[in-house]
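Protein chains in written order, with our numbering: chain A, 1 to 415; chain B, 1001 to 1415. Every residue, glycine too, gets a C-beta built ideally from N, C-alpha and C. First the structure, in the form of structure tokens, and then the observations on it.
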């Protein structure tokens, strides 16, 4: 069984080395790692084949097999991801503030890496390269715990990346992968205070809950998105149908997809018939309260549980409200702090919604699907934070850093 | 027994109300609360008397009795603290960034309150007013769990503050105090996900460890400070004695006091005799390695445990190193990420130390005692963070905020 203490100690040593790498050194290593992935694609695909065979034998559902599967173009995408990260600016060393105190102390607040970042994720093996790339560029060592279904693929990718680092004269312990699928090892991983500075779970609600429940190291909750769209009285019905369709169906299984619609009672007649038709064409099932079902037929009643559910499926809950305040209160009660939108032509209502809704990303007249590191222009992301500590919303390179204060004196003592 | 769910629900409702208060409203409430503390000092002192009597009966040590005790001047200091917080700028609403995406979305990153902050603290009843003031000014509701020793004092202060809020037309649930001393209640408090956005333990290492072990809500570790001073080869011996004395003895029981000295072997002869004499005068006991004991007599050998100990007492551990690198490695191994200093006249060594030491605050030629919200010019602080997530070092008003993204569009959907 993996000795996590030894692995953790190596990561701690690596973090000190990585913190002082120059931007050029990091970029060269990322480009070298990208080339290595391509050069070793045969080896990676052969190992991925083993995972796929095991998955098929174990009756893994087709959608999961698709996530697990690698091919040349997916490996090319992984390599391209590393090249894109190399092209992003290095956040480490940025001076955030400098101030001089009356006693002459010069205090500087400076961006530094977080240190050792642990990542627990599910089947997709491309996360192995992505997470390494982002953590590495921000000067962090990463310890990965992937799904056991993808273990052969992940080990192959880890080995290629470690070799690439060695060839650039950089410690391979910048990335390490926990091989065991034993639950007790995962549990120990969540409690490596003194070794792991931050743990990021990437996966479904169950995984995230398990990590939050069991971890003693700092955790960033990511991803669960019970995202709402509120259609205000003054909303443009055509724009509303267009945005709702996009937010619900453009990609169904993602955290920024819309799961629940909140509709001002006065807009029901104008909106619902056209919306229902459009949703029917996409085979979206509607679960709605009675006042909505008075206007459109063929949908089930919505329960409280529906309003609390992130379906990740062709299902949409709907709720009628009589005011903006009621909409905000409903959303704050059921959302997961991810992304919520108002569709309105009333400027004041837009501002009240932006101020009142408690979520990482609050939209006016746009699809919730834009909550994403690439769409925000961060270049890449490690996940979407739905908690309020440290970082909120899409987490790019800057969000993978901390800061330190350096204080320069000439003999100052405290009176 | 307190129903924490009800108390939590009230705090959640309060946080929505507090988030939209203006700076003026908050300042008026703080000044009103300050006046109320003074006007009700008789009542508060009478309740404090009950805690003092119980403490004396239970054989509470004198130092703790002193921390527990209130008098008119301490209540005046609490009121002055609230007035000072009123005078600080309001961090809420600050626009941190605005950027426009190629598709026309205008994304704004804006400072918002964290929401509901839980604070677990030990005997000092003044924390009740201080913590309320800081959390309130940053737009947060606060749920307090003080030590059972101070329960009468805390309840009196809470009641005065709640009444003051009511008189200003502000929800009194901006502050609530958990009355039970039952451990199961404290444990439940640490697991109020969905109600409490952040938990800050204020107290000794034992309290902090308990919270880190048991909490499922996000925690900021504060306070434990095994702070080091490294005396480099080129250090000025007079400045070194002056700074070391200050950092060790100016106030003995605080987290930014120096606990361990790391000395370059080449500076031992120049430094140690004068330093030992000065430490003797302050009755500081020295625990040192052999190479130091060769130079100065009358001190015990230092163990590994000594190097890892935050004494909070008139004891100082000492360790000899032969290089800057060895000093940095030793400090990174034993420090708690709080405050460490180098004393040197070598500019390059100073920079290498600042870059290499992994701590919230790293000093050159100054006492570690400056790690403090007031000394940093933050005006006040809720604690010193020793973790890397969210905030590091002294945590003032800004560190009690999060941010949200607001995104303004005109119909954008994701292609």
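Within the chosen definition, does the region 186-194 of chain A reach the region 4-11 of chain A through at least 3 CB pairs nearer than 8 Å? Touching, yes, given that three or more Cβ pairs across the two stretches are closer than 8 Å.
Could you give the distance in angstroms between the alpha-carbon of residue 54 (chain A) and the alpha-carbon of residue 380 (chain A)? 31 Å
Provide the residue span of the alpha helix (DSSP H) that contains residue 1066 (chain B), from first to last. 1062-1068
Bridge partners - residue 1340 (chain B), DSSP secondary structure assignment: Partner residues in the beta bridge of residue 1340 (chain B), as assigned by DSSP, are B:1228, B:1362.
Return helix, strand or coil for residue 1410 (chain B), following the three-state DSSP convention. strand
The alpha helix (DSSP H) with residue 423 (chain A) in it runs from where to where? Limits of chain A in this structure are 1 at one end and 415 at the other, which puts residue 423 (chain A) out of reach.
So, are the CB atoms of residue 301 (chain A) and residue 287 (chain A) less than 8 Å apart? yes
Option in A:114, A:403, A:415 with minimal Cα separation from residue 95 (chain A): A:403
Under 8 Å, with one C-beta from each stretch per pair, do the region 1192-1207 of chain B and the region 1111-1123 of chain B reach the 3-pair mark? yes
Given that residue 205 (chain A) touches chain B, what residues does it touch there, using C-beta distances under 8 Å? Under the 8 Å cutoff, chain B gives no residues; its nearest Cβ is about 13 Å from residue 205 (chain A).
So does the region 1169-1187 of chain B actually touch the region 1064-1081 of chain B, counting three or more Cβ pairs closer than 8 Å? no
Span of the alpha helix (DSSP H) around residue 1034 (chain B): Membership of residue 1034 (chain B) in the alpha helix (DSSP H) is indicated by the continuous run 1023-1039.
Is the Cβ of residue 407 (chain A) closer than 8 Å to any Cβ of chain B? yes
Of all the options A:357, A:129, A:278, A:295, which has the alpha carbon lying nearest to the alpha carbon of residue 165 (chain A)? When only C-alpha atoms are compared, the closest one is A:129.
Closer than 8 Å, CB to CB, is residue 197 (chain A) near chain B or not? yes
Given residue 101 (chain A), which residues of its chain have a CB within under 8 Å of its CB, disregarding the five upstream and five downstream residues? 107
Could you give the distance in angstroms between the alpha-carbon of residue 1050 (chain B) and the alpha-carbon of residue 1151 (chain B)? 9 Å
Three-state secondary structure (DSSP) at residue 1250 (chain B)? DSSP places residue 1250 (chain B) in coil when its eight states are reduced to three.
Using DSSP's beta-bridge definition, name the partner residues of residue 320 (chain A). Its beta-bridge partners are A:263.
Just list the residues that DSSP pairs residue 395 (chain A) with in beta bridges. A:383
Given residue 1039 (chain B), which residues of its chain have a CB within under 6 Å of its CB, disregarding the five upstream and five downstream residues? none
In three-state terms, what does DSSP make of residue 1148 (chain B)? helix
Do we get a CB-CB distance below 8 Å when we pair residue 56 (chain A) with the residues of chain B? no
Which of the three DSSP states, helix, strand or coil, is assigned to residue 12 (chain A)? helix
Should residue 1249 (chain B) be labelled buried (16 or more other beta-carbon atoms within 10 Å of its own) or exposed? Residue 1249 (chain B) comes out buried.
Let me make sure I understand the geometry here. Which of A:193, A:405, A:159 has the alpha-carbon closest to that of residue 1360 (chain B)? A:405
Per the contact definition of three or more C-beta pairs closer than 8 Å, is the region 1217-1228 of chain B in contact with the region 1381-1396 of chain B? yes
Using DSSP with H/G/I as helix, E/B as strand and the rest coil, what is residue 1141 (chain B)? strand
Where does residue 112 (chain A) sit, in a helix, a strand or coil, going by DSSP? strand
Taking C-beta pairs closer than 7 Å, name the residues in chain B that residue 124 (chain A) reaches, listed in chain order. By Cβ distance, chain B contributes nothing, its closest Cβ being about 21 Å from residue 124 (chain A), past 7 Å.
Among A:81, A:126, A:305, A:358, which has the Cα closest to the Cα of residue 67 (chain A)? A:126
Residue 1364 (chain B) beta carbon less than 8 Å from that of residue 1336 (chain B): no
Is the region 131-142 of chain A touching the region 8-28 of chain A in the sense that three or more CB pairs, one from each, lie closer than 8 Å? yes
Residue 1106 (chain B), DSSP secondary structure in three states: If DSSP states are grouped into helix, strand and coil, residue 1106 (chain B) belongs with the strands.
Shorter than 8 Å from the beta carbon of residue 63 (chain A) to some beta carbon of chain B? no
Taking C-beta pairs closer than 9 Å, name the residues in chain A that residue 1115 (chain B) reaches, listed in chain order. Under the 9 Å cutoff, chain A gives 358, 388.
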